[in-house]
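Residue numbers (the working numbering), protein chains in the order written: chain E, 11 to 288; chain P, 2 to 227. All C-beta atoms, glycine included, are put in the ideal place defined by N, C-alpha and C. One structure is given here, and the rest of the page talks about it.
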């Protein structure tokens, strides 16, 4: 623990004076939150979050419902901005630059920080048009063939190409739930983000489709920095390199995933990962 | 969720009870083997020689329980460490049972010769090895790392008693070659007792890992001190 460690007040005396474990200095930092507070109206949903997320690794956020993990995820691409009567204090730095600074282009930010949601939400368009959508509205492809190339590249990255290459112009709503979720990932990847936020990306999928998403996450981290919110602790243990445990809007513990799941430092984390919570 | 946790907890307690039962059996068999040696009671020695079955059955049962708990509950953190510790403690206790048989074998051969000397240090080693085993298992049940650490510290005493027995018997063997055979059996028995202490030490190390997630194996004693 160093000076950056923040107190986690009272919590029924369960939490020791702790805070996020600082990253070893040699690890580069992609996303850094400092003193981050988030309010829905008068309710403080995130309290003094400080965390450093490393590039090209998968970081999982775990914690019970309402603990703030999804809220925190959404602060990372300012997705909360669209929710009325919300307020952010503190800093979120991506590559050293505060994304809440005045003058930040939020559209450009969300292009760099892509997002995939719990429920797959393809547009009621063709498979091709779904992936091409972001490229078209951002005028990111100069020609028809470049557009087709980028669509194929994205579908390949999302491990979906082989399954849909012969039906690109069919409705995206006709493919299976697991394929729709990978299509949403392809759509997010098409605009070439460098960070991918995933909010429970596999919670509505069957075990086989879940496994495909997990394998995909594993492959994608070579290219992207991935932050994933999950309720499934085995999933967090399987796919992530680092895990952050949130409780009541606080970041209780943040460490290497193997440490969190074999020997967490905090009693609260221990109680949560062993299922003795609440 | 809560019900599942309670069920897991009950399974974990049942597992722990089996290990304690095994520890009790192993301890009893060591005691009986040494008592048979001391009183030259071949019937008692035979009981140890041919009574390994209950421990062997428990050995398999404990492994199966651990295996099932890992597969069905995918335990994490302290629960995961408890089951990994149980797997290892299981092996140690089974080996202690085997060592009781080894002691009984040597005791039976020894009983066929006139006694070399009055046995003083072997019962001392037995008491100490048994106490270490008992304390190691108590520390497991009570999750008591201080007690586990005491077990680790006691191992040196057992080692030095073994060395002492070896030196002493060497003088007997040099003086009278007819004592070589029975003396070697006593040396073997002291070696087996020392191994029982090593297994108790392993258990104590597993307990420290289970409770505090600290791996104290293969460290100089000073490093493993609290």
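Chain-ordered neighbours of residue 244 of chain E on chain P, where CB pairs are closer than 8 Å: Position 234 of the first chain, counting from 1, holds the residue named residue 244 of chain E. By Cβ distance, chain P contributes 75.
Based on DSSP bridge pairs, tell me the residues matched to residue 131 of chain P. Stepping through the second chain from its first residue, residue 131 of chain P is reached at position 130. BP columns for residue 131 of chain P are empty, so no partner.
Report the residue ranges of all alpha helix (DSSP H) runs contained in full by the stretch 55–138 of chain E; include only those spanning at least 4 residues, in chain order. 79–85 and 116–122
Which residues, in order along the stretch 43–61 of chain P, keep a beta-carbon less than 7 Å from a beta-carbon of chain E? none
Less than 9 Å between the C-beta atoms of residue 197 of chain P and residue 97 of chain P, yes or no? One-based indexing of the second chain puts residue 197 of chain P at position 196. One-based indexing of the second chain puts residue 97 of chain P at position 96. Yes, these two residues count as a Cβ contact at 9 Å.
Work out the CA separation of residue 161 of chain P and residue 228 of chain P for me, nearest whole Å. The structure shown does not extend to residue 228 of chain P, since chain P is modelled only from 2 through 227, so no value can be given for it.
Residue 41 of chain E beta carbon less than 9 Å from that of residue 309 of chain E: Missing from the structure shown is residue 309 of chain E; chain E here goes from 11 to 288 and no further.
On the criterion of 16 or more Cβ atoms from any shown chain inside 10 Å, does residue 60 of chain P qualify as buried, or is it exposed? On the second chain, position 59 is the one that residue 60 of chain P refers to. The residue is buried, with at least 16 neighbouring Cβ atoms inside 10 Å.
I believe residue 171 of chain P touches residue 130 of chain P by the beta-carbon criterion, under 8 Å. Please report the beta-carbon distance rounded to the nearest angstrom. Reading the second chain from its first residue, position 170 is the one you call residue 171 of chain P. Reading the second chain from its first residue, position 129 is the one you call residue 130 of chain P. Actually they are not in contact, since the Cβ atoms of residue 171 of chain P and residue 130 of chain P sit about 22 Å apart, beyond 8 Å.
According to the neighbour-count rule (16 or more other Cβ atoms, all chains shown, within 10 Å of its Cβ), is residue 28 of chain E buried or exposed? As a working note, residue 28 of chain E is residue 18 in the first chain. With a pLDDT of 46 at residue 28 of chain E, under the threshold of 50, the predicted position of this residue should be treated as unreliable, though the coordinate-derived value follows. Looking at its Cβ environment, which holds 16 or more other Cβ atoms inside 10 Å, residue 28 of chain E is buried.
Would you list, in sequence order, the uninterrupted alpha helix (DSSP H) runs of no fewer than 4 residues that lie entirely inside the stretch 166–208 of chain P? none
Assuming residue 240 of chain E contacts residue 63 of chain E (C-beta within less than 8 Å), just tell me the rounded distance between them. In the first chain, the residue the question calls residue 240 of chain E occupies position 230. In the first chain, the residue the question calls residue 63 of chain E occupies position 53. So it is not a contact: roughly 15 Å between Cβ atoms.
Helix, strand or coil: how does DSSP classify residue 28 of chain E here? Mapped onto the first chain, residue 28 of chain E falls at position 18. Below a pLDDT of 50, predicted positions are generally treated as unreliable, and residue 28 of chain E, at 46, falls in that range; the measurement from the model is reported next regardless. In this structure, residue 28 of chain E counts as coil in the three-state DSSP scheme.
Taking only runs of the beta strand (DSSP E) that begin and end inside the stretch 237–269 of chain E, which ones reach a length of at least 3 residues, in chain order? 252–257 and 260–266
Please tell me whether residue 102 of chain E has its Cβ less than 9 Å away from any Cβ of chain P. As a working mapping, residue 102 of chain E is identified with position 92 in the first chain. Not closer than 9 Å to any Cβ of chain P, the Cβ of residue 102 of chain E fails to qualify, so no.
Under a Cβ-count criterion, where at least 16 other Cβ atoms within 10 Å of its own Cβ denotes burial, should residue 84 of chain P be classed as buried or exposed? Taking the first residue of the second chain as position 1, residue 84 of chain P is located at position 83. Buried, because 16 or more other Cβ atoms sit within 10 Å of the Cβ of residue 84 of chain P.
Let me check one thing: in DSSP terms, what residues is residue 208 of chain E bridge-paired to? Position 198 of the first chain, counted from the start, is the residue given in the question as residue 208 of chain E. Bridge partners of residue 208 of chain E: E/126 and E/238.
Give me the Cα-Cα distance between residue 178 of chain E and residue 148 of chain E, rounded to the nearest whole angstrom. Here residue 178 of chain E refers to the residue found at position 168 when the first chain is read from its first residue. Here residue 148 of chain E refers to the residue found at position 138 when the first chain is read from its first residue. Going by the C-alpha atoms only, they are around 21 Å apart.
What residues from chain E crowd round residue 27 of chain P, counting only those whose CB sits closer than 8 Å? By 1-based counting over the second chain, the position of residue 27 of chain P is 26. Residues of chain E passing the Cβ test: none, with the nearest at roughly 29 Å.
Cβ atoms of residue 237 of chain E and residue 197 of chain E: under 9 Å apart, would you say? The residue labelled residue 197 of chain E in the question sits at position 187 within the first chain. The residue labelled residue 237 of chain E in the question sits at position 227 within the first chain. Cβ atoms of residue 197 of chain E and residue 237 of chain E: not closer than 9 Å.
Residue 226 of chain P burial status per 10 Å Cβ neighbour count (16 or more: buried): Along the second chain, read from residue 1 onward, the residue named residue 226 of chain P stands at position 225. For residue 226 of chain P, the predicted model reports a pLDDT of 42, less than 50, meaning its position is unreliable; a value from the coordinates is still stated below. It is exposed - the Cβ of residue 226 of chain P has fewer than 16 other Cβ atoms within 10 Å.
Rounding to the nearest angstrom, what Cα-Cα distance links residue 100 of chain P and residue 156 of chain P in this structure? The count along the second chain starts at 1 and reaches residue 100 of chain P at position 99. The count along the second chain starts at 1 and reaches residue 156 of chain P at position 155. Roughly 17 Å between the two C-alpha positions.
Would you check if there are 3 or more beta carbon pairs closer than 8 Å linking the stretch 279–288 of chain E to the stretch 72–90 of chain P? yes
Residue 102 of chain P versus residue 49 of chain P - alpha carbon distance: Counting from 1 along the second chain, the entry for residue 102 of chain P is found at position 101. Counting from 1 along the second chain, the entry for residue 49 of chain P is found at position 48. One C-alpha to the other measures close to 6 Å.
Contact set between residue 280 of chain E and chain P, taken where Cβ atoms lie within less than 9 Å: The count along the first chain starts at 1 and reaches residue 280 of chain E at position 270. Within 9 Å Cβ-Cβ: 77, 78 and 79.
Range covered by the beta strand (DSSP E) that runs through residue 46 of chain E: Your numbering for residue 46 of chain E matches position 36 in the first chain. Taken as a continuous stretch (DSSP letters only), the beta strand (DSSP E) holding residue 46 of chain E covers 41–50.
Residues that residue 271 of chain E contacts on chain P, provided the C-beta gap is smaller than 8 Å: Numbered from its first residue, the first chain carries residue 271 of chain E at position 261. Within 8 Å Cβ-Cβ: 77, 78 and 81.
Touch check for the stretch 163–170 of chain E and the stretch 101–118 of chain E: three-plus C-beta pairs under 8 Å? no
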